[in-house]
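**Student:** Sequential numbering of the first sequence, starting at 49, is according to the working numbering.
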Amino acid sequence: MSLSLYNTLTRKKEEFQPVHAPQVGVYLCGPTVYSEAHLGNARGPVVFDVLTRYLRHLGYQVRYVRNITDVGHLESDADTGEDKMEKAARAARIEPMQVAQHFANRYRQHMLALGCLPPDIEPQASGHITEQIGMIAEIIANGFAYEVNGSVYFDVPKYDEAHRYGRLSNRGIEDQLGGTRDTLAGQDEKRSPLDFALWKKAAPEHIMRWPSPWSEGFPGWHLECSAMSRKYLGTLSDIHGGGLDLMFPHHECEIAQCQASNTGTDESRVWMHNNMITVNGTKMSKSLGNFVLLGDMFKGPAGPLVQGYSPMVVRFFLMQAHYRSPVDVSDDALQAARKGYRKLMNGLRLLDKLAPTSEGADLPGDADLRKLTADLYTGLDDDLNTARSIASLFNLLRKFNTLATTPAALADVSAAALGEAVAAYRTLVADILGLQDEPRANAEQLLALTLSFYSEAKAEKAYDKVDVIRAALKGQGIVIKDTKAGVEWAYSEE
RNA sequence: GGUGACGUGACCGAGUGGCUAGGUAGAGGUCUGCAAAACCUCCUACGGCGGUUCGAAUCCGCCCGUCACCUCCA
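Below is the structure:
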């Protein structure tokens, strides 16, 4: 089996073929760091984390780029030109970059907690102004952009004649003209309402600004990803992704920018879009206010949820649905996920105890076990269907549990078949799905319990038990101190 | 208005022309000092109406319902 992925650009599943095997370039549109991340923001990173983990497992050399957008997009075209970052900064009376740094730090913490490995490159838009200016110059030189009053706009109708705009989202420019609003500010500078900004001249009160050939200003909303993707992944990356809501206009514009610049490609061969997370069937979003902040839901009740859920439970919950399906959050669903996750973790712990009891090869139970093992990856290979691979894991886990409790069954499988199955389960759960055991037991409380047994043993003068407990804790780097006030403990200073 | 999804058993969610994913919940059982875990069995669904087919939840048509994008949004 080989990996196939659904490509939004072609609207079908395609066998994955790297542009330059064994190297694979993956780009995920990252967060705009002017506020806390919510659950919906976590789906893309989790999906792409599994994707890159799996690609690496398949032997590819992956370069995974996930950007940080710290040049805030404008709050809306209707306001005075103050962007999100500045607005947040003004509210907190700090530097815009401080806002960006703060939320970028928080974001990284949350992503790490969710088991998402750090990207190989995490470029910031503000650090790539030069590249963006260079790309604008190319687009102008190629005749697909024009300058008005220090701002530069992408000429969509002209581009459409040469390359056809809207291939990704499958919409013609006639359709879009019908639905365009004519009430937005700054529209008068554009030749067509469909045109989008590549560079905006900064209004006097605009803090974040950079010099450019056209004006002191800031780059357009879609340019950073094109510029940074090209810089780090070349003119044609392998996979570019983000949420479904980024397909249009964001990704559509990225493709247009790349085609119109000297890049001359669709920027990426495969375009992947994860579906939305919903609450009672409605998309979770900042603007609707129905979001659940990650930091909140890890700790306790948040929004519509009556209790908290640990990062790993959230990760498992997200992976139990296919990434192109919408997934609805609810306590019922999360609680079910939590039990499933723990079951899988208990399975992981069971593997250590599962040792073969038979010598021979090709025993009667092997075929069944091998079938279950082989089935583990059919889901992932089919457009990263984690839900199916997880189902396969549970099927294999049931087998493991049977083997663990039924000596006759265990005697029927060979060491080789069992070893393969155990290794595959471990690899899939821990390395590819990235599910780690979350210790739930509280060490302090376990220690207190142990000390109470110690005290009891001491009272009974059962010194053999006392010594065993002492030695065991010593092994953990903890010494027991019998004081007049009672039993205490301290870290061993040895 | 344009574009695109989706409607699966009590709940969450895969699948998609024949071989009834999986998890959670529920019922019964094995095991068991109690309990838990585990295992076995049961509950067998695909919005509605037509059509194609030997056979459709799966393909086609119509209808109903829900959602997303077209404006910042993961």
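Using N, Cα and C, we set each Cβ at its ideal position, and we do this for glycine too.
Where do the ends of the alpha helix (DSSP H) carrying Val-361 lie?
**Tutor:** In the first sequence, the residue the question calls residue 361 occupies position 313. It spans 359–367 - the alpha helix (DSSP H) in which Val-361 sits, taken as one unbroken run.
**Student:** Among Trp-262, Gln-146 and Tyr-389, which has the Cα closest to the Cα of Ala-435?
**Tutor:** Position 387 of the first sequence, counting from 1, holds the residue named residue 435. Ranking Trp-262, Gln-146 and Tyr-389 by Cα distance to Ala-435 puts Tyr-389 first.
**Student:** Distance check for Thr-498 and Pro-352, CA to CA, integer angstroms please.
**Tutor:** Locating residue 352 in the first sequence gives position 304, where the first residue counts as 1. Locating residue 498 in the first sequence gives position 450, where the first residue counts as 1. Taking the straight line from one Cα to the other gives about 39 Å.
**Student:** Mind checking whether Gly-191 and Asp-203 have CB atoms under 9 Å apart?
**Tutor:** Taking the first residue of the first sequence as 1, we reach residue 191 at position 143. Taking the first residue of the first sequence as 1, we reach residue 203 at position 155. Against a cut-off of 9 Å, the Cβ pair of Asp-203 and Gly-191 comes out as a contact.
**Student:** Across which residues does DSSP place Glu-322 in a beta bridge pair?
**Tutor:** As a working mapping, residue 322 is identified with position 274 in the first sequence. Checking the sequence, you will find Asn at residue 322 rather than Glu. DSSP output for Asn-322 lists Gly-291 as bridge partner(s).
**Student:** Count the other C-beta atoms from every protein chain shown that fall within 10 angstroms of the C-beta of Asp-286, then say buried if there are 16 or more, exposed otherwise.
**Tutor:** Taking the first residue of the first sequence as 1, we reach residue 286 at position 238. Buried, because 16 or more other Cβ atoms sit within 10 Å of the Cβ of Asp-286.
**Student:** Which whole runs of the alpha helix (DSSP H) in the segment 166–216 are 4 residues long or more, in chain order?
**Tutor:** 177–189 and 204–211
**Student:** From the DSSP output, in three-state form, read off Phe-64 for me.
**Tutor:** Within the first sequence, numbered from 1, the residue matching residue 64 stands at position 16. Collapsing the DSSP output to three states places Phe-64 in coil.
**Student:** Are there 16 or more other CB atoms within 10 angstroms of the CB of Arg-363, so buried, or fewer, so exposed?
**Tutor:** As a position in the first sequence, residue 363 is number 315, starting the count at 1. With 16 or more other Cβ atoms within 10 Å, it is buried.
**Student:** Using 10 angstroms around the beta-carbon of Phe-266, count the other beta-carbons present and answer buried if the total reaches 16, otherwise exposed.
**Tutor:** Walking along the first sequence from the start, residue 266 turns up at place 218. Burial check for Phe-266: the Cβ neighbour count within 10 Å reaches 16 or more, so the residue is buried.
**Student:** Contact defined as beta carbons within less than 8 Å: I believe Arg-104 pairs with Val-110. What is the distance between those atoms, to the nearest angstrom?
**Tutor:** The residue labelled residue 104 in the question sits at position 56 within the first sequence. The residue labelled residue 110 in the question sits at position 62 within the first sequence. Indeed they touch by this definition, with Cβ atoms about 5 Å apart.
**Student:** Quick one: what does DSSP say Leu-442 is sitting in, helix, strand or coil?
**Tutor:** By 1-based counting over the first sequence, the position of residue 442 is 394. In the sequence on display, residue 442 carries Phe and not Leu. Helix, per DSSP.
**Student:** Give me the Cβ distance between Phe-339 and Leu-76, rounded to the nearest whole Å; I'm assuming they're in contact under 8 Å.
**Tutor:** Residue numbering aside, residue 339 sits at position 291 when the first sequence is read from its first letter. Residue numbering aside, residue 76 sits at position 28 when the first sequence is read from its first letter. Between Leu-76 and Phe-339 the Cβ distance is about 20 Å, and since that is not below 8 Å, they are no contact.
**Student:** Report yes if the CB atom of Val-95 is closer than 9 Å to the CB atom of Met-320, and no otherwise.
**Tutor:** Residue mapping note: residue 95 aligns to position 47 of the first sequence, counting from 1. Residue mapping note: residue 320 aligns to position 272 of the first sequence, counting from 1. Using a Cβ distance threshold of 9 Å, Val-95 and Met-320 count as a contacting pair.
**Student:** For Thr-117, is the classification buried or exposed, using 16 other Cβ atoms within 10 angstroms of its Cβ as the cut-off for buried?
**Tutor:** Against the first sequence, residue 117 aligns to sequence position 69. Burial call: buried.
**Student:** Using CA atoms only, rank isn't needed, just tell me which of Arg-239, Asp-243 and Leu-451 is closest to Asp-400.
**Tutor:** Start at 1 with the first residue of the first sequence, and residue 400 comes out as number 352. It is Leu-451 whose Cα lies nearest to the Cα of Asp-400.
**Student:** Roughly how many whole angstroms lie between the Cα atoms of Lys-532 and Gly-523?
**Tutor:** Within the first sequence, the letter at position 484 stands for residue 532. Within the first sequence, the letter at position 475 stands for residue 523. Roughly 25 Å separates the two Cα atoms.
**Student:** What is the rounded straight-line gap between the Cα of Val-456 and the Cα of Arg-488?
**Tutor:** Working through the first sequence from its first residue, we reach residue 456 at position 408. Working through the first sequence from its first residue, we reach residue 488 at position 440. The amino acid occupying residue 456 in the given sequence is Ala; Val does not appear at that position. The alpha-carbon atoms of Ala-456 and Arg-488 are separated by roughly 34 Å.
**Student:** Measuring only the C-alpha atoms, how far is Glu-486 from Met-360?
**Tutor:** Within the first sequence, residue 486 is the residue found at index 438, counting from 1. Within the first sequence, residue 360 is the residue found at index 312, counting from 1. Looking at the two C-alpha atoms, the distance is approximately 7 Å.
**Student:** Locate the beta strand (DSSP E) running through Ala-381, then write down its first and last residues.
**Tutor:** If you number the first sequence from 1, residue 381 lands on position 333. Element bounds for Ala-381: not the beta strand (DSSP E) but the alpha helix (DSSP H), 379–399.
**Student:** If we ignore side chains and look at the alpha-carbon of each, how far apart do Val-377 and Ala-538 end up?
**Tutor:** In the first sequence, the residue the question calls residue 377 occupies position 329. In the first sequence, the residue the question calls residue 538 occupies position 490. Going by the C-alpha atoms only, they are around 44 Å apart.
**Student:** Does the structure place the segment 271–284 close enough to the segment 148–156 that three or more beta carbon pairs sit under 8 Å?
**Tutor:** Short answer: they don't touch.
**Student:** When burial is assigned at 16 or more other CB atoms within 10 Å of the CB, is Lys-529 buried or exposed?
**Tutor:** Position 481 of the first sequence, counted from the first residue, corresponds to residue 529. Lys-529 is exposed by the Cβ-count criterion.
**Student:** Given this structure, state the Cα-to-Cα distance separating Ala-469 from Arg-101, to the nearest angstrom.
**Tutor:** Looking up residue 469 in the first sequence gives position 421. Looking up residue 101 in the first sequence gives position 53. C-alpha separation (whole angstroms): 20 Å.
**Student:** Roughly how many angstroms separate the alpha carbons of Ala-350 and Asp-380, rounded to a whole number?
**Tutor:** What you label residue 350 is simply residue 302 of the first sequence in a count that begins at 1. What you label residue 380 is simply residue 332 of the first sequence in a count that begins at 1. Cα to Cα, Ala-350 sits roughly 14 Å from Asp-380.
**Student:** Residues in its own chain within less than 6 Å of Glu-179 by CB, not counting five upstream and five downstream?
**Tutor:** Within the first sequence, residue 179 is the residue found at index 131, counting from 1. Cβ within range, chain order: Ala-275 and Lys-279.
**Student:** How close, in whole Å, do the beta carbons of Pro-11 and Leu-242 come, if the pair is a contact with beta carbons under 8 Å?
**Tutor:** The structure shown does not extend to residue 11, since the chain is modelled only from 49 to 542, so the question has no answer here.
**Student:** Since Gly-198 and Trp-262 should fall inside the 8 Å C-beta cutoff, what is the C-beta to C-beta distance between them, to a whole number of angstroms?
**Tutor:** Against the first sequence, residue 198 aligns to sequence position 150. Against the first sequence, residue 262 aligns to sequence position 214. Going by Cβ atoms, the distance from Gly-198 to Trp-262 rounds to 5 Å, so yes, they are a contact pair.
**Student:** Hey, Asn-218 and Glu-170 are a contact pair by Cβ (cut 8 Å); roughly how many whole angstroms apart?
**Tutor:** Here residue 218 refers to the residue found at position 170 when the first sequence is read from its first residue. Here residue 170 refers to the residue found at position 122 when the first sequence is read from its first residue. Cβ atoms of Asn-218 and Glu-170 stay farther apart than 8 Å, at about 32 Å.
**Student:** In the DSSP output, what is Glu-536 paired with across the bridge?
**Tutor:** The residue labelled residue 536 in the question sits at position 488 within the first sequence. DSSP, once it has assigned bridges, lists Lys-529 as partnering Glu-536.
**Student:** Are there three or more Cβ pairs, one per stretch, closer than 8 Å when the segment 459–478 is compared with the segment 402–422?
**Tutor:** yes
**Student:** With DSSP as the reference, label Thr-117 as helix, strand or coil.
**Tutor:** Within the first sequence, residue 117 is the residue found at index 69, counting from 1. Thr-117 falls in the strand class under three-state DSSP.
**Student:** State the DSSP-derived secondary structure class of Val-354, mapped to helix, strand or coil.
**Tutor:** As a working note, residue 354 is residue 306 in the first sequence. Coil, per DSSP.
**Student:** Over what stretch of residues does the alpha helix (DSSP H) that includes Lys-135 continue unbroken?
**Tutor:** On the first sequence, residue 135 is found 87 positions in, with the first residue counted as 1. From DSSP, the alpha helix (DSSP H) with Lys-135 extends over 132–140.
**Student:** Helix, strand or coil for Gln-224, going by three-state DSSP, please let me know.
**Tutor:** Position 176 of the first sequence, counted from the start, is the residue given in the question as residue 224. Judged by DSSP in its simplified three-state form, Gln-224 adopts helix.
**Student:** Tell me whether His-370 sits in a helix, a strand or coil according to DSSP, three-state version.
**Tutor:** Residue mapping note: residue 370 aligns to position 322 of the first sequence, counting from 1. His-370 falls in the coil class under three-state DSSP.
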